[in-house]
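A quick write-up on the structure given underneath.
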Amino acid sequence: MLQSEVQLSEVELAIQQAEYEFTAAWNELVAVAGTPELAPTTLIGDLDGPTSDRDIEGTYAQLVAESPVLAAACAKVRRARANLQRQRAQPIPNLNAQIGAGYDDGTGDEFANVQLSVPIPVHNANQGNIRAAYAEYCAATQNVNRLKMQMRRDLAQAMRGFQVAQASVRQYETSILPKVGETLELMQKAQEAGEFDFLRVLIARRAYFDANLKYVVAKTQLAQANAKIDGLLLTGGLDQVVSYDGTDELRGAALSGQ
């Protein structure tokens with residue numbers, strides 16, 4: 146009797162914990178969605194994950210092609226390349242030409258003049274800005290490579306969680322749950338026939354309860370891993386946005402008269 150009461154208390158505690166977890170998960174969901182006034186309701190869908198395996202190389206190629214983080218980093222590379230080209234062209238002076246025509250009333254002569262001017266940068270070839278722009282370009286290029294390696298690492302971790310959860314769900318569905326269910330049924334029939342005492346039935350019920358809880362946890366982990374991969378490994382929807390804008394400290398420096 147005491148063991149039955151203990152098991153009942155554990156089941157009631159698990160239900161209470163699940164209610165608290167549901168409330169916290171719902172509050173996080175409506176915060177990310179930007180609808181904090183939305184009351185708890187039933188979401189469309191279920192926890193059934195994909196039945197087929199994922200190709201890690203194909204998934205990685207999709208991430209590289211569609212990731213907005215990588216696209217922003219590539220845009221910074223193009224911006225740094227354009228700045229480098231501009232700084233290399235900066236020392237080349239502009240040629241100014243002026244043509245004028247007139248008429249002398251005193252002499253009755255017509256005249257024209259042509260004027261050309263070009264600044265000569267003798268001591269300043271813009272080397273500092275060129276080197277700074279090249280360093281910025283190298284940093285942006287290496288940042289793209291870093292992001293690709295980071296995405297491959299994060300994908301490997303997500304694929305590991307996906308495969309572990311998928312294997313767990315398959316094992317529970319094909320082997321563990323049918324066996325613990327059959328065991329509980331046999332124990333109950335044997336207890337009713339007087340062959341076993343209630344203690345064995347209680348143990349079978351506990352095994353059945355624990356197996357179903359672990360099955361739900363495995364399905365949850367599988368759904369989360371699958372959603373993370375489908376979401377291009379993007380997390381932190383409410384985190385501060387990373388700015389990729391560069392400064393104008395060097396790009397705004399121009400040679401006088403050019």
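Heads up, the sequence shown is in this note's numbering, so the first residue is 146 and it goes up one at a time.
Idealized CB from N, CA, C, for every residue including glycine.
Which residues DSSP lists as bridging residue i, in chain order
i    : result
F410 : As displayed, the chain neither begins before 146 nor continues past 403, which places residue 410 out of reach and without an answer.
L261 : A242
E255 : Y248
Beta-carbon proximity check, residue i vs residue j, cutoff 8 Å
i    : j    : result
N274 : Q207 : no
L300 : L358 : no
V263 : L240 : yes
V156 : F354 : yes
N288 : A372 : no
M296 : S212 : yes
Cβ distance (whole Å) where residue i is taken to contact residue j below 8 Å
i    : j    : result
A225 : A285 : 4 Å
V314 : A352 : That pair is no contact at about 18 Å.
A303 : I189 : Contact doesn't hold; Cβ gap of about 24 Å is too wide.
T365 : L158 : That pair is no contact at about 19 Å.
A356 : I321 : 5 Å
A349 : L367 : 27 Å between Cβ atoms; not a contact.
A257 : A246 : 5 Å
A310 : A234 : About 56 Å separates the two Cβ atoms, so there is no contact after all.
Straight-line Cα distance separating residue j from residue i
i    : j    : result
A370 : Q148 : 37 Å
A170 : N271 : 57 Å
N172 : A163 : 14 Å
Y360 : A210 : 35 Å
Q385 : G203 : 30 Å
S154 : T168 : 21 Å
G381 : Q152 : 39 Å
R276 : V222 : 16 Å
M294 : P323 : 43 Å
R298 : A220 : 23 Å
R199 : E327 : 33 Å
T187 : G179 : 18 Å
G339 : E166 : 41 Å
Y282 : Q230 : 11 Å
Y205 : N290 : 14 Å
A312 : T319 : 11 Å
M146 : Q308 : 42 Å
8 Å Cβ shell around residue i - same chain, five flanking residues per side excluded
i    : result
L183 : V175
I383 : Note that residue 383 is Leu in the sequence shown, not Ile. Within the same chain, L383 has close Cβ partners A176, V177.
Y317 : A356, K359, Y360, A363
D393 : Interpretation of D393 is limited by its pLDDT of 48, a score under 50 that renders its predicted location unreliable; no figure is taken from the coordinates.
D254 : Y248
Residues of its chain near residue i, where Cβ-Cβ distance is below 7 Å and the 5 sequence neighbours each way are ignored
i    : result
A335 : F341
P185 : W171
V346 : M332, Q333, Q336
D249 : F256
Nonlocal neighbours in the same chain, by C-beta distance under 6 Å from residue i, ignoring five residues either side
i    : result
I160 : none
G306 : A370
P181 : V175
L292 : L215, A218
I244 : V259
L261 : A242
I201 : M304
The ligand SAH heavy atom lying under 7 Å from the CB of residue i
i    : result
A349 : As for the ligand SAH, it is missing from this structure, which has no ligand bound.
Residue-chain proximity (residue i, chain B), Cβ-Cβ < 8 Å
i    : result
L292 : Of the protein chains in this structure there is only one, and it is not chain B.
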